[in-house]
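Residues 750 to 884 (the working numbering) are what the sequence shown spells out, left to right.
Report on the structure given below.
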Amino acid sequence: MRLPSLISFIGFVLLMAATYCPLLRPFGLFSWDVYDLNKPYGMVILLMAVVGIIAVVLNRPKLVKLISLISLALVTLLLLAAFLKIHSSFSFIPFKGITGFLERQIKFKWGWYLMFAGPLLALIGTFFKPSKYSR
Numbered sequence: 750m751r752l753p754s755l756i757s758f759i760g761f762v763l764l765m766a767a768t769y770c771p772l773l774r775p776f777g778l779f780s781w782d783v784y785d786l787n788k789p790y791g792m793v794i795l796l797m798a799v800v801g802i803i804a805v806v807l808n809r810p811k812l813v814k815l816i817s818l819i820s821l822a823l824v825t826l827l828l829l830a831a832f833l834k835i836h837s838s839f840s841f842i843p844f845k846g847i848t849g850f851l852e853r854q855i856k857f858k859w860g861w862y863l864m865f866a867g868p869l870l871a872l873i874g875t876f877f878k879p880s881k882y883s884r
């Protein structure tokens, strides 16, 4: 396996593992991963990681690039959806101070770094050109 393929493979495995990492921690009580946020959306991200791994194994660089771009777009959309959900969840409360306090109690966790690192690594692996003398 070439080094760029290995980098893309590691990126997709990292994306797959990141779906189980904590993303949000509401009120300090428990942690939510992708499947707690939105189970069908998490399954789509997991499916993209599996298809990306299959594309790396079958040596399809254009498909790997497409899947890594789609995965990056899905993760960005998930971050935007989580951000908007946090800031609109308490909009029914008429007091802005209480609303702001409750919004600050929901923390973003370290899983977001892995969620973005996976597709970015897979995308970086597609930008290397194969050498002229590779097998």
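Glycine included, each C-beta is placed from N, C-alpha and C at the ideal position.
In this text the structure is predicted, and so the values were computed from the model without any measurement.
{"Asked": "Sheet register partners of LYS856 (DSSP bridge)", "Found": "ARG774"}
{"Asked": "CA-to-CA distance, LEU752 to LYS814, given in whole angstroms", "Found": "15 Å"}
{"Asked": "Limits of the alpha helix (DSSP H) - the one that LEU764 falls within", "Found": "752 to 767"}
{"Asked": "Near the ligand PLP: LYS878 beta-carbon under 7 Å from a heavy atom", "Found": "Of ligands this structure carries none, so the ligand PLP is not represented either."}
{"Asked": "Contacting residues, own chain, Cβ-Cβ under 6 Å from MET864 (five flanking each side not counted)", "Found": "ALA767, VAL824"}
{"Asked": "Among GLY874, ALA831, PHE841, nearest to LEU712 - alpha-carbon criterion", "Found": "This structure cannot speak to residue 712, because the chain is shown only from 750 to 884."}
{"Asked": "ASP785: first and last residue of the uninterrupted alpha helix (DSSP H) it sits in", "Found": "783 to 786"}
{"Asked": "Straight-line Cα distance separating ILE756 from LEU851", "Found": "40 Å"}
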